[in-house]
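Chains as they are written, first to last, in our numbering: chain A, 1 to 361; chain B, 1001 to 1272.
Report on one structure; see the data block that follows.
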Amino acid sequence: MTISTLVKAAATEAATVEFRGLRREFGPTVALDGLDLTVQPGELLALLGPSGCGKTTALRMLAGFEHPDSGQVLVDGEDVTGVPAHRRDAGMVFQSYSLFPHLNALDNVAFGLRMRKVRAAERRTRAAELLELVGLADKGERFPHQLSGGQQQRVALARALALRPRVLLLDEPLSALDAKVRTTLREEIRRLQQELGITTLFITHDQEEALSMADRVAVMRDGRVEQCSTPTELYSRPATAFVAGFVGTMSRVPGVMAAGDTVEVLGRRVPVTGDGAAAGASVDVLLRPEGVEVEPDPEAGGRVAATAFLGATTRITVRLPDGCEVKADVSTRRAGEFPVGARVAVGLPDQAVMVVDRAAR
Amino acid sequence: MARLNLWRWGVLGLAALYFLVPLAASVVFSVDMGDRISFDAYSRIAGTDGFVTSLLLALELAVATIALVLLLMVPAMVALRLGAPKLRPVVEIVCSLPLVVPPIAFVAGISTVLKWGPEYLSRTPLFQTMVAIQNPDFPVVLVLAYVVMALPFVYRALDAGLRAIDVRTLVEAARSCGASWPQALLQAVLPNLRGALLNASFLTLALVLGEYTVAHLLGFRPFAVWIVDISGAQAQMSVAVSVLSLLVTWVMLLALAALGGRRPATPTASQG
Chain A
1 MTISTLVKAA ATEAATVEFR GLRREFGPTV ALDGLDLTVQ PGELLALLGP
51 SGCGKTTALR MLAGFEHPDS GQVLVDGEDV TGVPAHRRDA GMVFQSYSLF
101 PHLNALDNVA FGLRMRKVRA AERRTRAAEL LELVGLADKG ERFPHQLSGG
151 QQQRVALARA LALRPRVLLL DEPLSALDAK VRTTLREEIR RLQQELGITT
201 LFITHDQEEA LSMADRVAVM RDGRVEQCST PTELYSRPAT AFVAGFVGTM
251 SRVPGVMAAG DTVEVLGRRV PVTGDGAAAG ASVDVLLRPE GVEVEPDPEA
301 GGRVAATAFL GATTRITVRL PDGCEVKADV STRRAGEFPV GARVAVGLPD
351 QAVMVVDRAA R
Chain B
1001 MARLNLWRWG VLGLAALYFL VPLAASVVFS VDMGDRISFD AYSRIAGTDG
1051 FVTSLLLALE LAVATIALVL LLMVPAMVAL RLGAPKLRPV VEIVCSLPLV
1101 VPPIAFVAGI STVLKWGPEY LSRTPLFQTM VAIQNPDFPV VLVLAYVVMA
1151 LPFVYRALDA GLRAIDVRTL VEAARSCGAS WPQALLQAVL PNLRGALLNA
1201 SFLTLALVLG EYTVAHLLGF RPFAVWIVDI SGAQAQMSVA VSVLSLLVTW
1251 VMLLALAALG GRRPATPTAS QG
């Protein structure tokens, strides 16, 4: 059993996962409100959303820990809604450290194989290979309390992969780790996932994590999927104002529709993408900080309200005469031209922008 | 630092005096034959009528009580933690009741039922049950009574153990590794409750070995009752037995503790 055979074994079994009209209420709160979502074979799909949006409930339904009030969970077209958790064939990595404290790393990884009555010698070999796969070949004899947080999550990942599951479920596995470990581990999870070609559902509330790891990202809100698309599309063409606000930074500037597909904002006319609005309607124009230009101009009405150093760029918050604020990124080399209180002119490049109804806040 | 040490030794010395003086007095009393020292009282114990049977009975009762109370409480408390955490205060109060109800009231209730039962049930098969649970060779009714009396201690010991681990995550992790519910409980939760289970067993063992009121009033004769019974006739030997039973209990607790202190055998490593 080598990594390459592991890869093969997983690749042939990559599964399609489908949520159909899942609904679940906990008392007065609606956790899932008719969730529809399909995860393609071998894909890493991130479920992104604020806390309480139902993403964890959805994952737990796939794992078999929660049951929907209505709707179905399908794996490879087969309804698994009634299948108990231990027969779901889904490996899971939990948010909190979930290793069995009484077993060492090797036995933790071998736990599932022991449950499947695999012979001791074989499960030992396989567990050792999995530990090697996550880079902990020399830590097999360590107990969980002797491992760092990052190491524990690696062992948990190896344990989740031990039964060669058809689906891998990651429930915010990185949120308890510090920033540096997080970045390395997320790259490693992605590498492993791609090598094994295993269908993966990844829960996170961290947009950077979702955008950098996932093939597709599903943004959830109030128990429904707002938008499910590739990270690039999600960022550049958000389907709703919520997605626009949740993914990346967005400023809202009031504008008036000049025509069905042109909006007048900040003193100039720019094309509109997506759904426009009727001519003459008052709208909010959504602007990314990298899509806004600022120039020092003693005659202009805008003033720098704050600056934030982000490394290569500096984010400048400009307060416009009408009171609303626009964020703009400038190269840090030029940041000295924009001290707080300085007057600046705000401009837009000739790019299409997104507008939302003024009421849709 | 030196002052703190002095204090520590002082407190330890006082506590030692408090425990050791009566113990030493007992030992002296049991070996002092007026003009000479003799361990006669100790050597006669094993041969005395009723010693072996009463001690064995007490140990059997203790084992049965521990088994029953753990079988009852462990699944109940895990279920409580996973399924109905809001019911915890209710269960806590119910489990603490035996501390409030004096054993004398408890046993009065039991004996009333035992007297009333055979008359009322004489024409039903339950009559035989009533007789069977009072079998003097192994009085099941005592086990039932002891289970109730052990509830407060067992509840507290298990509660402390369950607080220290994340039961839900452990169970779910085991389930996602292909373990059924009983397997998850036995292989993922119980091994991590070992300390709590041992504590509960300790307390129950000590309770059963030393219990007198209920056993005596129901007319059974486990170890504690036997000691009191012989003290009237053979004062010196009854003290000798008390000292010995103290040592026996100690040895058993130490044995249990030693058993619990060992690292668990690692299933994969040990076989593979």
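Note that beta-carbon positions come from the ideal geometry of N, C-alpha and C, so glycine has one too.
- Look at the beta carbons and you see the region 176-194 of chain A not touching the region 13-22 of chain A: under three pairs across the two are nearer than 8 angstroms.
- The continuous stretches of alpha helix (DSSP H) do not include L348 of chain A, and DSSP gives it neither H nor E.
- Contacts between A1179 of chain B and chain A, judged by CB atoms closer than 7 angstroms, involve H86 and M115 in chain order.
- Distance check between G71 of chain A and each of A:Q40, A:L45, A:R24 and A:I203 places A:R24 closest, using alpha-carbon atoms only.
- Going by C-alpha positions, I1110 of chain B is about 17 angstroms away from R1221 of chain B.
- Within chain A, S98 and F100 have C-beta atoms less than 8 angstroms from the C-beta of L1170 of chain B, given in sequence order.
- For the region 1065-1082 of chain B, there are no residues whose beta carbon sits under 7 angstroms from a beta carbon of chain A.
- Nearest to L59 of chain A by alpha-carbon distance, out of A:Q227, A:I203, A:D329 and A:C53, is A:I203.
- About 4 angstroms separates the beta carbon of A1173 of chain B from that of S98 of chain A, a gap short enough to meet the 8 angstroms contact definition.
- Apart from the 5 residues on each side of it in sequence, V1208 of chain B sits with its Cβ closer than 7 angstroms to the Cβ of A1058, L1061, A1062, T1065 and Y1146 in its chain, given in chain order.
- Per DSSP, V1100 of chain B lies in no beta strand (DSSP E) segment; the continuous alpha helix (DSSP H) that holds it begins and ends at R1088 to V1100.
- Here the alpha carbons of L47 of chain A and V294 of chain A stand approximately 35 angstroms from one another.
- Per DSSP, the unbroken alpha helix (DSSP H) holding M1149 of chain B starts and ends at V1140 to R1163.
- Ranked by Cα distance from G274 of chain A, the first of A:R268, A:A281, A:T262 and A:G280 is A:T262.
- Measuring C-alpha to C-alpha distances from T38 of chain A to each of A:E122, A:L103, A:L62 and A:T56 identifies A:L62 as the nearest.
- Secondary structure within the region 74-100 of chain A: the beta strand (DSSP E) runs of 3 or more consecutive residues, fully enclosed, are 90-93 (chain order).
- Only residues of its own chain outside the window of five on either side were considered, and among them A46, L48, T204 and V217 have a CB closer than 6 angstroms to the CB of A210 of chain A, listed in chain order.
- For G302 of chain A, the beta-bridge partners assigned by DSSP are A:V344.
- Between the region 82-91 of chain A and the region 1198-1207 of chain B there are fewer than three inter-stretch CB-CB distances shorter than 8 angstroms, so the stretches are not counted as touching.
- DSSP assignment within the region 263-316 of chain A yields no whole alpha helix (DSSP H) run of 4 residues or more.
- For S1122 of chain B, no beta strand (DSSP E) encloses it, and the DSSP letter there is neither H nor E.
- Ranked by Cα distance from H1216 of chain B, the options B:M1073, B:R1036 and B:F1106 are led by B:F1106.
- Taken through DSSP and simplified to helix, strand or coil, L169 of chain A comes out as strand.
- Chain-ordered, the chain A residues with CB closer than 9 angstroms to the CB of N1192 of chain B read F100, P101 and H102.
- Chain-ordered, the chain A residues with CB closer than 7 angstroms to the CB of D1166 of chain B read S96.
- In the structure shown, F26 of chain A adopts extended strand secondary structure according to DSSP, grouped into three states.
- Counting every other CB atom within 10 Å of its CB across the protein chains shown gives E78 of chain A a total below 16, marking it as exposed.
- Within chain A, no residue has its beta carbon less than 7 angstroms from that of S1026 of chain B; the closest one is some 42 angstroms off.
- The C-alpha of G336 of chain A is placed about 14 angstroms away from the C-alpha of G311 of chain A.
- For V356 of chain A, the enclosing beta strand (DSSP E) starts and ends at V353 to D357.
- For chain B, the residues of the region 47-80 of chain A that bring a beta carbon within less than 9 angstroms of one of its beta carbons are R60, A63, G64 and F65, in chain order.
- Burial state of V1021 of chain B is exposed, judged by a 10 Å Cβ sphere holding fewer than 16 other Cβ atoms.
- Looking only at A:H67, A:V340 and A:R191, the smallest Cα-Cα distance to G135 of chain A is reached by A:R191.
- Chain-order list of chain A residues neighbouring R1175 of chain B: A85 and H86, by C-beta distance under 7 angstroms.
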